[in-house]
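Student: Numbering (this note's numbering), first residue to last: 1172 to 1520. Built from N, CA and C at the ideal position, the CB exists for glycine as well. Computed from a predicted model, the values in this text were never measured in an experiment.
1. Going by the CB atoms, is the gap between residue 1433 and residue 1360 shorter than 9 Å?
2. What whole-angstrom Cβ distance do residue 1257 and residue 1446 have, given they're in contact under 8 Å?
3. If you follow the alpha helix (DSSP H) that residue 1192 is part of, which residue opens it and which one closes it?
4. Assuming residue 1203 contacts residue 1268 (C-beta within less than 8 Å), just tell me the rounded distance between them.
5. Measure how close the beta-carbons of residue 1463 and residue 1377 come, nearest whole angstrom, since I'm counting them as under 8 Å.
6. Using only the alpha-carbon positions, how far apart do residue 1422 and residue 1442 sit?
7. Going straight from the alpha carbon of residue 1175 to that of residue 1398, what length do you get?
8. If contacts are defined as beta-carbon pairs under 8 Å, then residue 1253 and residue 1298 qualify, I think. What distance do you get, rounded to the angstrom?
9. Using the C-alpha atoms, what's the distance from residue 1518 back to residue 1356?
10. Determine the burial state of residue 1307: buried for a count of at least 16 other Cβ atoms within 10 Å of its Cβ, exposed for fewer.
11. Please name the residue, chosen from 1372, 1471, 1211, that lies closest to residue 1236 on a Cα-to-Cα basis.
12. According to DSSP, residue 1440 sits in a beta bridge with which residue or residues?
13. If you drop the 5 nearest sequence neighbours on each side, which residues of the same chain put their C-beta closer than 6 Å to that of residue 1425?
14. Which of the three DSSP states, helix, strand or coil, is assigned to residue 1364?
15. Using the Cβ count rule (16 or more neighbours within 10 Å means buried), how would you classify residue 1199?
16. Assign residue 1358 to one of three DSSP states: helix, strand, or coil.
17. DSSP state of residue 1490, grouped into three classes?
18. Return the chain-ordered ranges of every alpha helix (DSSP H) run that is complete within the region 1184-1260 and spans a minimum of 4 residues.
19. Please give me, in chain order, every unbroken run of the alpha helix (DSSP H) with length at least 4 that falls completely inside the region 1377-1423.
20. Where does residue 1344 sit, in a helix, a strand or coil, going by DSSP?
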């Protein structure tokens, strides 16, 4: 009997199946520094203990996306080791802030299954929860992934497609406890624009671009202990569809978020990811640009100091976003667009 883990194939999943993922992870200041080195993120709250303490936080929390990727990485060996593609996210809510020294673990539940018409793959829907060492939820999200079948003759399960919300409701968002707007310094944060300065429908070109180096995208994925073969093994990927290793889609999310500092510097915390699609593949050598649209301006119940912006951030490769590249009337994206992410961020009022 082999002692190695081949990962789960589509026919191995069952509705209601619960999976406790291996390797809890203690995140440190070293992880935060490496994340900054790989993404260039500049948001002041996550960069400075002094700034974070001035607004009532314990100290600088870890970047929300570092938390997301770490929890996501725990799930890969069990959920998507045999994936063809990660298809989307929904109903992602960030909970308790994560600080250096916190340990994260993850568990998932299968909430949907649907075999594809080709009989070779199927869609697996899971709900994943990340918790800290005290059992507090730091993150909960749904995602769906296309997974290969090992035995194409295995019978198809009864299809179950979960009903997921299009957006996370404002009353579910978790503003940081003790937030003090009096301590917010616009000059140190990088911009003067606050909640009331943004209007629904407004589009922001984030201007800057960032080229992805081969070593950087592989290092980023290793940082999250993401074991997906398509990101690491050029020996096997040379025989695959593209002939190259794919850049982990989460790295593109992080780059787009980092680029959004130019225009959204005060949007300091991701409170929710409402949905998202990785539209086209990205490879080393591609340069990522991004633009954002303000979808909605949200009131936070019981908070006079903070508001929320529902944002749609689109990333493109090798295409500056001065013209806001986007899908056409039929919903088709140009080949340059690689990410379409709908998320909600907290911002001082």
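Tutor: So, from the data block:
1. In this structure, the beta-carbon distance from residue 1360 to residue 1433 does not fall below 9 Å.
2. Not confirmed; about 13 Å, so no contact.
3. Here residue 1192 belongs to no alpha helix (DSSP H), and DSSP marks it neither H nor E.
4. Between the beta-carbon of residue 1203 and that of residue 1268 there is about 13 Å, and that puts the pair past the 8 Å contact cut.
5. With 8 Å as the limit, residue 1463 and residue 1377 qualify as a contact, their Cβ atoms being about 7 Å apart.
6. Rounded to the nearest whole angstrom, the C-alpha separation of residue 1422 and residue 1442 is 19 Å.
7. Going from the Cα of residue 1175 to the Cα of residue 1398 covers about 14 Å.
8. Approximately 20 Å separates the beta-carbon atoms of residue 1253 and residue 1298; this is outside 8 Å, ruling out the contact.
9. About 13 Å.
10. So residue 1307 ends up on the exposed side.
11. If we check each option's Cα against that of residue 1236, 1211 comes out closest.
12. 1517, per the DSSP bridge assignment.
13. Excluding five sequence positions before and after residue 1425, the CB atoms of its chain that fall closer than 6 Å to its own CB belong to 1210, 1236, given in chain order.
14. Residue 1364: coil per DSSP, three-state reduction.
15. So residue 1199 ends up on the exposed side.
16. Three-state DSSP puts residue 1358 in a helix.
17. Coil at residue 1490, not helix or strand.
18. Listed in chain order, they are 1200-1210, 1215-1218, 1220-1225, 1235-1250.
19. The qualifying runs are 1385-1394, 1405-1408.
20. Of the three classes helix, strand and coil, the one that applies to residue 1344 here is coil, per DSSP.
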